[in-house]
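Here the structure is laid out as structure tokens; the discussion comes afterwards.
2 protein chains.
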Amino acid sequence: MKESIDLKSQLRQHGHKLTTQRAEVWEVLKGAPGHLTAEQVAADTASGVNLASVYRALGLFTDIGIARESRLGNDDAARWEVAHPDDEFHIVCRSCGRVEHHGGDLVQQIRTHLSNSHGFEAATVELAVSGECSRCSDPSAA
Amino acid sequence: MKESIDLKSQLRQHGHKLTTQRAEVWEVLKGAPGHLTAEQVAADTASGVNLASVYRALGLFTDIGIARESRLGNDDAARWEVAHPDDEFHIVCRSCGRVEHHGGDLVQQIRTHLSNSHGFEAATVELAVSGECSRCSDPSAA
DNA sequence: ATGCGTATTGCGAATCGTTCGCAATTAACC
DNA sequence: GGTTAATTGCGAACGATTCGCAATACGCAT
Ligand SMILES: [Mn+2]
Ligand SMILES: [Mn+2]
Ligand SMILES: [Zn+2]
Ligand SMILES: [Zn+2]
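Respectively, the protein sequence lines represent chains A and B. Under the numbering used here, the residues of the first sequence are numbered 1 to 142, in order. Under the numbering used here, the residues of the second sequence are numbered 143 to 284, in order.
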């Protein structure tokens, strides 16, 4: 099973407090299936955490590395999720907007090529592919 | 030498007029070394084209495929350049913000893998790598 | 060249996502 | 429980982009 992140210790390690709001925001992120906007997080929060505080929490989580922020598709709002490595990249359906994750060594290959052939050590590799997802391209397959 | 795009015919083909403002915006894009914000384009424009009109022109150029829009690094403003294929991806220095282009077949490999192994035809592949550029990581190399 | 009808411009106001300032609250440590 | 600095909530501010609309300028046909 997947290691569960201990929010309290992660925050402590970076010199921050564990507040009820942060805990609630974290709970929403953990429970959500996908990539949420700050507004969605705020809405799903147990006690209705203030939007500005949600932004602050999400920003903090991203800074300390337990959450990941991305801008997907044509979307103008940022979205967050529990952190996952770059290697698991995003495939965004340009019809319905659904996002799938794709693992494998494709991203590693990019890193390796840049390092071996160009002496460049990639800090982050952001890869996002768009196209029609199976549900949208083949309407018959329910 | 690189084929030069004929703005007038590209616009005609898509049912749009060639205006002096569009010509000026295009001139700026063609002449610019890098990736420009709408504000920068407006500023560099011969007759000071209005910012809203610059946005409209850049949006149109992007729609008809002769310009490319990207959001690089932590930057919150969109940037434009004369269109180039996805295969030439972006390497962004997280210290100085400089952007380099990197060609090769890495992006094609991604497309091929997704098609062969998953029957997924990628419409766009957006790849952006971050790290320290040579100038920033090795200060001695002037 | 001239005139027409429509696409396009410029301008300011509006919108949207996100951040800020600051007084009131609260978590962490004693 | 008391102290104190970190955090919250609120509303106002912000920057990027878009919109509405009257004035203008293309493109095409005279
Ligand atoms: Mn993800
Ligand atoms: Mn580019
Ligand atoms: Zn879909
Ligand atoms: Zn640099």
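Built from N, CA and C at the ideal position, the CB exists for glycine as well.
Shown here, Val49 of chain A sits in coil according to DSSP, grouped into three states, outside any helix or strand. At least one CB atom of chain A sits nearer than 8 Å to the CB of Arg213 of chain B.
A Cβ of chain A is located within less than 8 Å of the beta carbon of Val271 of chain B. Taking 8 Å as the threshold, the shortest C-beta distance from Val267 of chain B to chain A falls below it.
Within chain A, no residue has its CB atom less than 7 Å from the CB of Ala180 of chain B, the nearest being about 15 Å off.
Just measuring C-alpha positions, the residue of A:Gly34, A:Ala83, A:Val54 and A:Ser53 sitting nearest Gly97 of chain A is A:Gly34.
The C-beta separation of Leu193 of chain B from Ala184 of chain B comes to about 5 Å, placing the pair in contact by the 8 Å criterion. When the beta-carbon positions are compared, Ala270 of chain B and Leu214 of chain B come within less than 8 Å of each other.
Going down the chain, each residue whose beta-carbon is closer than 7 Å to a heavy atom of ligand 2 shows up: B:His177, B:Arg210, B:Ser212, B:Glu223, B:His226, B:Glu230, B:His232, B:Val241 and B:His243. Flagged as an interface residue toward chain B: Ala122 of chain A, by a C-beta distance shorter than 8 Å. For Leu153 of chain B, the nearest beta carbon of chain A is not closer than 8 Å to its own beta carbon. Across the stretch 46-75 of chain A, CB contacts with chain B closer than 7 Å involve Arg71, in sequence order along the chain.
Contact between Ile233 of chain B and His244 of chain B holds: their C-beta atoms lie close to 5 Å from each other, under 8 Å. Close to His16 of chain A, with beta-carbon spacing below 7 Å, lies no residue of chain B; the smallest spacing is near 21 Å. Residues of chain B with a Cβ closer than 7 Å to the Cβ of His113 of chain A are, in chain order, Leu248. Arg236 of chain B has a beta carbon lying within less than 8 Å of a beta carbon in chain A. Following the DSSP letters along the chain, one finds Leu178 of chain B in no alpha helix (DSSP H), marked with neither H nor E.
In its chain, beyond the 5 residues on either side, Asp87 have a beta carbon closer than 8 Å to the beta carbon of Gly104 of chain A.
Judged by DSSP secondary structure, Arg135 of chain A falls outside any beta strand (DSSP E) and instead within the alpha helix (DSSP H) spanning Ser134 to Ser137. Within chain B, the C-beta atoms nearer than 8 Å to that of Ile110 of chain A come from Leu248, Leu269 and Val271, in chain order.
For the options A:Val107, A:Glu24 and A:Ser130, the alpha carbon positioned closest to that of Ala123 of chain A is the one of A:Val107.
As the crow flies, the alpha-carbon of Cys136 of chain A is around 39 Å from that of Gln163 of chain B. Excluding five sequence positions before and after Ile206 of chain B, the CB atoms of its chain that fall closer than 8 Å to its own CB belong to Gln152, Leu153, Gln155, His156 and His158, given in chain order.
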